[in-house]
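Novice: Take 1 as the starting number for the sequence shown in the UniProt record's numbering and just add one per residue.
Okay, handing you the structure first.
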Amino acid sequence: MKDKRILYVSSEVVPYLPETEISSMSFEAPRLVNQQGGQIRIFMPRYGNINERRHQLHEVIRLSGINLVINDLDMPLIIKVASIPKERIQVYFIDNDEYFKRKATLTDEDGKLFSDNDERAIFFAKGVIETVKKLNWSPDIIHVHGWLAALLPIYLKEYYKDEPLFSESKIVTSIYDQSFNTTLNKDMLNKVKFDNINEDAVKILEEPSYVNLMKIAIDYSDALIIGSESIPSDLENYLKTSKKPVLDYKSRDEFGEAYTTFFNNSVLS
Numbered sequence: 001m002k003d004k005r006i007l008y009v010s011s012e013v014v015p016y017l018p019e020t021e022i023s024s025m026s027f028e029a030p031r032l033v034n035q036q037g038g039q040i041r042i043f044m045p046r047y048g049n050i051n052e053r054r055h056q057l058h059e060v061i062r063l064s065g066i067n068l069v070i071n072d073l074d075m076p077l078i079i080k081v082a083s084i085p086k087e088r089i090q091v092y093f094i095d096n097d098e099y100f101k102r103k104a105t106l107t108d109e110d111g112k113l114f115s116d117n118d119e120r121a122i123f124f125a126k127g128v129i130e131t132v133k134k135l136n137w138s139p140d141i142i143h144v145h146g147w148l149a150a151l152l153p154i155y156l157k158e159y160y161k162d163e164p165l166f167s168e169s170k171i172v173t174s175i176y177d178q179s180f181n182t183t184l185n186k187d188m189l190n191k192v193k194f195d196n197i198n199e200d201a202v203k204i205l206e207e208p209s210y211v212n213l214m215k216i217a218i219d220y221s222d223a224l225i226i227g228s229e230s231i232p233s234d235l236e237n238y239l240k241t242s243k244k245p246v247l248d249y250k251s252r253d254e255f256g257e258a259y260t261t262f263f264n265n266s267v268l269s
């Protein structure tokens with residue numbers, strides 16, 4: 001992966017959030033590419049429960065300051081950055097007081113999903129793309145982790161389809177078993193349609209479940225990775241019919257060579 005540019009977009013990354021399958025792989029995969037001489041950038045949301053002082057986050061004024069339109073409302077985009085100790089890996093944080101100031105990630109203290117998670121997902125997707133545009137950094141591969149990042153593939157290929165910076169970028173999405181049982185805001189479909197995204201492509205969001213959200217990510221990705229030992233059978237079947245390159249599940253101990261081969265032979269070739 002030497003000299004390849006890989007953009008990692010994840011809903012959670014170690015060491016900023018507790019260890020889970022997603023947060024661990026969102027650290028281990030970039031670290032591997034970094035060690036192989038690749039160029040990487042990691043993006044995640046700046047949730048309010050991330051300790052800014054301990055992790056030495058600071059705002060990047062030159063990247064902040066634009067407004068993103070979410071469902072006809074102007075929402076200011078704030079970009080913060082930090083470095084993972086000892087790894088020389090930079091992490092960019094997408095922030096907004098309305099969406100990410102609360103002291104939690106995706107659910108409240110009763111485990112109930114936040115009602116605006118749909119808007120947070122749209123904001124995160126747009127925020128990542130707008131920031132990468134400002135960095136003028138053209139990735140060879142964009143690797144997506146976690147359902148809050150799942151709208152990035154469709155926004156990149158629909159809303160930003162005329163953006164030359166990403167014309168050669170390949171999108172890889174990892175599918176995990178880390179999901180939610182209810183649905184996101186029932187008005188999510190209209191909020192995505194507001195951005196002139198083809199209704200046929202997102203009609204499935206009439207029922208904004210975890211499975212349906214990931215189906216859209218699969219539809220708009222160039223290749224897929226199964227990130228958990230078991231995933232919902234509905235998604236397993238959907239992957240089989242997608243006719244796209246799929247890498248089967250690999251444990252943390254064995255993923256390195258498999259990911260490298262998959263990226264080189266199935267994604268970039």
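Each residue gets a CB set at the ideal place from its N, CA and C atoms; glycine is no exception.
Note that the coordinates shown come from a computational prediction; the quantities given were computed from them, not determined experimentally.
Could you tell me the distance, in whole angstroms, from the CA atom of Leu184 to the CA atom of Gly48?
Specialist: So the two alpha carbons sit approximately 20 Å from each other.
Novice: Classify Gly127: buried if its beta carbon has 16 or more other beta carbons within 10 angstroms, exposed otherwise.
Specialist: Per the 10 Å Cβ criterion, buried.
Novice: Nearest by alpha-carbon distance to Arg5: which of Gly65, Asn67, Phe123, Trp137 is it?
Specialist: Out of Gly65, Asn67, Phe123, Trp137, Trp137 has the C-alpha closest to the C-alpha of Arg5.
Novice: Output yes or no for whether 8 Å exceeds the beta carbon distance between Lys2 and Gly37.
Specialist: Yes, the Cβ-Cβ distance between Lys2 and Gly37 is below 8 Å.
Novice: Determine, using beta carbons only, whether His145 and Ser179 come nearer to each other than 8 Å.
Specialist: No, Cβ-Cβ distance for His145 and Ser179 is not below 8 Å.
Novice: Would Leu205 and Leu189 be called neighbours here (beta carbons separated by less than 8 Å)?
Specialist: Against a cut-off of 8 Å, the Cβ pair of Leu189 and Leu205 comes out as a contact.
Novice: Could you name the residues of the same chain whose beta carbon sits closer than 7 Å to that of residue 352, not counting the 5 residues immediately before and after it, in chain order?
Specialist: The requested residue 352 is not part of the displayed model; the chain covers only 1 to 269.
Novice: Please give me, in chain order, every unbroken run of the alpha helix (DSSP H) with length at least 4 that falls completely inside the region 182-207.
Specialist: Fully enclosed alpha helix (DSSP H) runs of 4 or longer: 188-193, 199-202.
Novice: Please list the terminal residues of the continuous beta strand (DSSP E) segment that includes Tyr92.
Specialist: Unbroken beta strand (DSSP E) run through Tyr92: 89-95.
Novice: Count the other CB atoms, across all protein chains shown, that sit within 10 Å of the CB of Asn96; report buried if there are 16 or more and exposed otherwise.
Specialist: That one is buried.
Novice: Kindly indicate which three-state DSSP category Gln35 falls into: helix, strand or coil?
Specialist: DSSP places Gln35 in helix when its eight states are reduced to three.
Novice: Going by C-alpha to C-alpha distance, which of Ile142, Asn181, Tyr176, Val81 sits closest to Phe166?
Specialist: For Phe166, the nearest C-alpha among the options comes from Ile142.
Novice: Quick one, which of Leu17, Val91, Ile122 has its alpha-carbon nearest His58's?
Specialist: Among Leu17, Val91, Ile122, the Cα nearest to that of His58 is on Val91.
Novice: Could you tell me which residues DSSP pairs with Lys80 in its beta bridges?
Specialist: According to DSSP, Lys80 bridges with Glu59, Phe93.
Novice: Hey, would you say Asn71 sits closer than 8 Å to Lys191, going by beta carbons?
Specialist: Yes, Cβ-Cβ distance for Asn71 and Lys191 is below 8 Å.
Novice: Report buried or exposed for Leu73, applying the criterion of at least 16 other Cβ atoms within 10 angstroms of its Cβ.
Specialist: Exposed.
Novice: Within 10 Å of its beta-carbon, does Lys170 have 16 or more other beta-carbons around it, so buried, or fewer, so exposed?
Specialist: Burial call: buried.
Novice: Is Ile42 near Ser10, with beta carbons less than 8 Å apart?
Specialist: A contact, by the Cβ cut-off of 8 Å.
Novice: Tell me which residue opens and which closes the alpha helix (DSSP H) that Val267 is part of.
Specialist: Taken as a continuous stretch (DSSP letters only), Val267 belongs to no alpha helix (DSSP H), as it is neither H nor E.
Novice: How about Thr107 and Phe100: are their beta carbons less than 8 Å apart?
Specialist: Contact: no.
Novice: Quick one: what does DSSP say Tyr47 is sitting in, helix, strand or coil?
Specialist: Tyr47 falls in the coil class under three-state DSSP.
Novice: Starting from Asn212, follow the alpha helix (DSSP H) in both directions and report where the run begins and ends.
Specialist: Unbroken alpha helix (DSSP H) run through Asn212: 210-219.
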